[in-house]
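The opening position of the sequence shown corresponds to residue 1 in the UniProt record's numbering, with each subsequent residue numbered one higher.
Quick reminder that beta carbons are idealized off the backbone N, C-alpha and C, glycines included.
All values derive from a computational prediction rather than experimental measurement.
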Amino acid sequence: MIRITKQTDYAILLLTYVAAQEPDQVHTCRSLAEWSRLSLPMVSKILKPLSREGIMVSTRGVNGGYTLARPADQITVGEVIRAIEGPIGMTPCITDPGSCEQETFCPVKVNWERISRAVRDAVDDVRLSEMFGPEDESSQDLLAIQ
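Written as structure tokens, this is what we have:
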């Protein structure tokens, strides 16, 4: 089965929550952990690469915390996946050329490249702002300020 990691799923959840709040609102790691019911170490582990990759901005100090680096409609799901998991590809030869002994004569590599490109294009075409989905009662509860 092909799937994203829990860490990436949680990253999208946290980012969607932050995006639903006031743009200048600063979120601490602790407040995000409390809202999401994730452990503080897990939230910290997620926020570090998001900051390093320019998806979030981290501010130190007494009033420090995290904000989105740019509006949610300018952040793609693909960016988030790459920030947490690394390159997007269906097989190791796509994400790490030269890693497979069969690569030079592999008859299926071209199609794996095509499939990988389609997946990358799909996740790069979805914006964080679109991850809110259709609003219903459960999404209102999810995004409520705690």
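Beta-carbon gap between residue i and residue j smaller than 8 Å
i, j, result
"Gly65", "Val110", "no"
"Cys93", "Glu103", "yes"
"Met56", "Leu38", "no"
"Ala83", "Glu53", "yes"
Euclidean distance between Cα positions of residue i and residue j
i, j, result
"Arg60", "Arg70", "18 Å"
"Ile115", "Ala122", "11 Å"
"Ala19", "Phe132", "9 Å"
"Tyr10", "Trp35", "12 Å"
"Thr95", "Asp125", "20 Å"
"Pro23", "Ala72", "10 Å"
For residue i, three-class secondary structure by DSSP
i, result
"Val108", "coil"
"Val77", "helix"
"Met42", "helix"
"Ser99", "coil"
"Thr91", "coil"
"Val123", "helix"
"Val18", "helix"
Nearest candidate by alpha-carbon position, reference residue i, set the options
i, options, result
"Leu14", "Ser44, Leu32 and Glu22", "Leu32"
"Lys6", "Trp35, Val57 and Val80", "Val80"
"Gln74", "Gly98, Thr91, Arg127 and Met90", "Arg127"
"Ile46", "Val62, Pro107, Tyr17 and Ile12", "Ile12"
"Val43", "Glu101, Pro97, Pro107 and Thr28", "Thr28"
"Val108", "Val119, Met90 and Val77", "Met90"
"Asn63", "Pro41, Arg30, Cys100 and Lys48", "Arg30"
Residue i CB to nearest heavy atom of the ligand ADP below 7 Å
i, result
"Asn111", "Among the components of this structure there are no ligands whatsoever, and the ligand ADP is therefore not found."
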